[in-house]
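There are 2 protein chains.
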Amino acid sequence: MYRIGELAKLCEVKTDTLRFYEKHGLLSPLMRTESGYRMYTEEDAERLRFILRAKAVGFTLAEIAELLSIDLDKSNWACADVKGMVDIKLAQVSAKIAELNHFQVSLKRLSDACCGGPESAEHCSILEALESNSAEVKRENHTHQHQNNPNKASCKRKG
Amino acid sequence: MYRIGELAKLCEVKTDTLRFYEKHGLLSPLMRTESGYRMYTEEDAERLRFILRAKAVGFTLAEIAELLSIDLDKSNWACADVKGMVDIKLAQVSAKIAELNHFQVSLKRLSDACCGGPESAEHCSILEALESNSAEVKRENHTHQHQNNPNKASCKRKG
DNA sequence: CTTGACCTTAGATTTAACTCTAAGGTTTAT
DNA sequence: ATAAACCTTAGAGTTAAATCTAAGGTCAAG
Numbered sequence: 001m002y003r004i005g006e007l008a009k010l011c012e013v014k015t016d017t018l019r020f021y022e023k024h025g026l027l028s029p030l031m032r033t034e035s036g037y038r039m040y041t042e043e044d045a046e047r048l049r050f051i052l053r054a055k056a057v058g059f060t061l062a063e064i065a066e067l068l069s070i071d072l073d074k075s076n077w078a079c080a081d082v083k084g085m086v087d088i089k090l091a092q093v094s095a096k097i098a099e100l101n102h103f104q105v106s107l108k109r110l111s112d113a114c115c116g117g118p119e120s121a122e123h124c125s126i127l128e129a130l131e132s133n134s135a136e137v138k139r140e141n142h143t144h145q146h147q148n149n150p151n152k153a154s155c156k157r158k159g
Numbered sequence: 001m002y003r004i005g006e007l008a009k010l011c012e013v014k015t016d017t018l019r020f021y022e023k024h025g026l027l028s029p030l031m032r033t034e035s036g037y038r039m040y041t042e043e044d045a046e047r048l049r050f051i052l053r054a055k056a057v058g059f060t061l062a063e064i065a066e067l068l069s070i071d072l073d074k075s076n077w078a079c080a081d082v083k084g085m086v087d088i089k090l091a092q093v094s095a096k097i098a099e100l101n102h103f104q105v106s107l108k109r110l111s112d113a114c115c116g117g118p119e120s121a122e123h124c125s126i127l128e129a130l131e132s133n134s135a136e137v138k139r140e141n142h143t144h145q146h147q148n149n150p151n152k153a154s155c156k157r158k159g
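Quick mapping for you: the protein sequence lines, in order, are chains A and B.
Counting along the first sequence from 1, when you hit position 51 you're at 51 in full-length UniProt numbering, and nothing is skipped either side.
Counting along the second sequence from 1, when you hit position 152 you're at 152 in full-length UniProt numbering, and nothing is skipped either side.
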């Protein structure tokens, strides 16, 4: 039997989080001491680990609540139901990755076009790309290069 | 000159969004009609497009506000400053992608281990994986296969 | 002159998952 | 017996970016 702080430490979460999970119906200790302290059993700890594992693969708490209720009533559910949830989540995750890949490609293109030097941003390719409609990002061509920093890669490049 | 609804339609955002951007200092039309209607200039429209382009590469509104203020005062900023912001965002995006890739791999593994059929979830590999500590996901081996659905791929696989 | 589409404001609500605060009761170690 | 470390509750705050609501003013057409 664990007190809330003990279970929290054991599973590396905050006590706040355990109370939050209780308030949202994910994990409610069956027992309380006379003075009202929550007492968690090993079974409660297992349930918490289930929650944390499900979180670790990307499920939201609402989805985890559903998974938990299925888990407690397995015989009335089919593999198709469970796999369905996983596959929906997989599709969501893949969609988010696709969006972020888009961001990543665009950001990389912006970053690569900019010299990143001490030159004034007056001709910064990044700002120009954000100002203009074009999908393409133009390389900088600083007409007034700084005399200092001779070791820095020049922003003048062919193209 | 555009009224708020016109600019909103032009740029495919809601009027609420434009008022929200104004409240947060991103886009404030210089003019109002006598009756108080916002009147946006072409310059305002360009500024909105800047905002939308920056959003499209993943910047938050707070970051976009910073980019806009740099853009209005370019000569006092260096390329390094601008590129720095892009590179920080790139790192954040890459980190998020890495996390989601982790989710994706785990979910795929869970999905692949489950037959997804009408079999009872009592021996569902996905639930078992969430219940147990092991990183590995075991394939299902339904001892009581359903007699119907003979066309469905069997959950019995070697391994 | 009235209907409908548009505009104004301030402020509340949404989503997700906590995180924190205040005010107080309990347990344990010294 | 008292201080430290723990626990309780209800409820507010956080983050981001809108989105919605209520109550009302403006404008063009018929």
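Even glycine gets a Cβ: it sits at the ideal position worked out from N, Cα and C.
All figures in this text were calculated on a predicted structure; none of them were measured in a lab.
For residue i, the nearest candidate out of the options (CA to CA)
i: B/H142; options: B/G36, B/C115, B/R47; result: B/C115
i: A/I70; options: B/T60, B/L130, B/G58; result: B/L130
i: A/D112; options: B/E119, B/D87, B/M39, B/E140; result: B/D87
i: A/S94; options: B/K89, B/M85, B/Q92, B/V105; result: B/V105
i: A/G39; options: A/R19, A/L100, A/S132, A/A80; result: The sequence shown places Met at residue 39 of chain A, not Gly. Of A/R19, A/L100, A/S132, A/A80, the residue nearest in Cα terms is A/R19.
i: A/L72; options: B/L90, B/S75, B/E128; result: B/E128
i: B/H24; options: B/G36, B/E12, B/P118, B/I51; result: B/I51
i: A/A56; options: A/K89, A/A78, A/S132; result: A/K89
i: B/S75; options: A/N133, A/E119, A/L26; result: A/E119
i: A/S132; options: B/A65, B/K108, B/N133, B/R53; result: B/R53
i: A/A65; options: A/L26, A/V137, A/D16, A/K108; result: A/L26
i: A/W77; options: B/W77, B/L107, B/G117, B/T33; result: B/G117
i: A/Q92; options: B/A91, B/L107, B/Q92; result: B/L107
Separation of residue j from residue i, as counted between CA atoms
i: A/V82; j: A/L67; result: 8 Å
i: B/K14; j: A/C124; result: 31 Å
i: A/A121; j: A/G5; result: 53 Å
i: A/R139; j: B/E99; result: 32 Å
i: A/M1; j: A/T41; result: 5 Å
i: B/G84; j: B/N101; result: 25 Å
i: B/R47; j: A/T60; result: 36 Å
i: B/L7; j: A/I126; result: 25 Å
i: A/K9; j: B/K96; result: 27 Å
i: B/S35; j: B/E43; result: 22 Å
i: A/G58; j: B/E63; result: 27 Å
i: A/A45; j: A/F103; result: 40 Å
i: A/R49; j: A/L110; result: 43 Å
i: B/R3; j: B/Y37; result: 7 Å
i: B/C79; j: B/L30; result: 29 Å
i: B/T33; j: A/V137; result: 38 Å
i: A/E12; j: A/Y21; result: 14 Å
i: A/D16; j: A/S28; result: 13 Å
Residues bridged to residue i (per DSSP)
i: A/S120; result: B/A78
i: B/R47; result: DSSP, once it has assigned bridges, lists no residue as partnering B/R47.
i: A/D85; result: Checking the sequence shown, residue 85 of chain A turns out to be Met, not Asp. Its beta-bridge partners do not exist; DSSP assigns none.
i: B/R53; result: DSSP, once it has assigned bridges, lists no residue as partnering B/R53.
i: A/M31; result: A/M39
Continuous beta strand (DSSP E) stretch holding residue i: start and end
i: B/Y40; result: 38-40
Endpoints, alpha helix (DSSP H) assigned at residue i
i: A/K23; result: 15-23
i: B/D71; result: 61-71
i: B/L130; result: 125-131
i: B/G5; result: 4-11
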